[in-house]
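Participant:
In this note's numbering, the protein residues as written are 1146 to 1251.
(1) May I ask you to report which of helix, strand or coil DSSP gives residue 1239?
(2) Considering only the beta carbon of each residue, do residue 1244 and residue 1236 sit closer than 8 Å?
(3) Jot down the residue ranges of each uninterrupted beta strand (DSSP E) in the stretch 1186 to 1224, minimum 3 residues, whole runs only, in chain order.
(4) Can you tell me which of the three DSSP states residue 1233 falls into?
(5) Can you list, in chain order, the residues of its chain with a C-beta nearer than 6 Å to that of residue 1175? Leave out the 5 residues immediately preceding and following it.
(6) For residue 1155, does the three-state DSSP call read helix, strand or coil?
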């Protein structure tokens, strides 16, 4: 301990301590700068993830709307096909007008 104190008391020891302190300050500064860059990168990535999540949610909503529209169209087509395929009553062949009316009725 006394050796270190006597070494620091000399001009070379003081200069060495100052150089060591300067190197330590530079190392701390570099690490702080790297940390701030890392935090900025993390914040940018979080913003990008949030933006992409919003875009995905919008696309999912649009796909779900298209799916429900397609289902509604399919059900409507099925109902129309069922109505068309339903058998009609036999025509009244007593008059030509009644027969023509039966032919044009759905």
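All C-beta atoms in this analysis are idealised placements derived from N, C-alpha and C, irrespective of residue type, glycine included.
Keep in mind that this is a model prediction, so the values were computed, not measured.
Facilitator: Answer, in terms of the structure:
(1) Within the chain shown, residue 1239 is the residue found at index 94, counting from 1. Three-state result, residue 1239: coil.
(2) Counting from one through the chain shown, the residue named residue 1244 turns up at place 99. Counting from one through the chain shown, the residue named residue 1236 turns up at place 91. Yes, Cβ-Cβ distance for residue 1244 and residue 1236 is below 8 Å.
(3) If only uninterrupted beta strand (DSSP E) runs of at least 3 residues are considered, none is enclosed by the stretch 1186 to 1224.
(4) Position 88 of the chain shown, counted from the first residue, corresponds to residue 1233. Residue state, collapsed to three classes: coil.
(5) Within the chain shown, numbered from 1, the residue matching residue 1175 stands at position 30. Here the set comprises nothing.
(6) Counting from one through the chain shown, the residue named residue 1155 turns up at place 10. Residue 1155 falls in the coil class under three-state DSSP.
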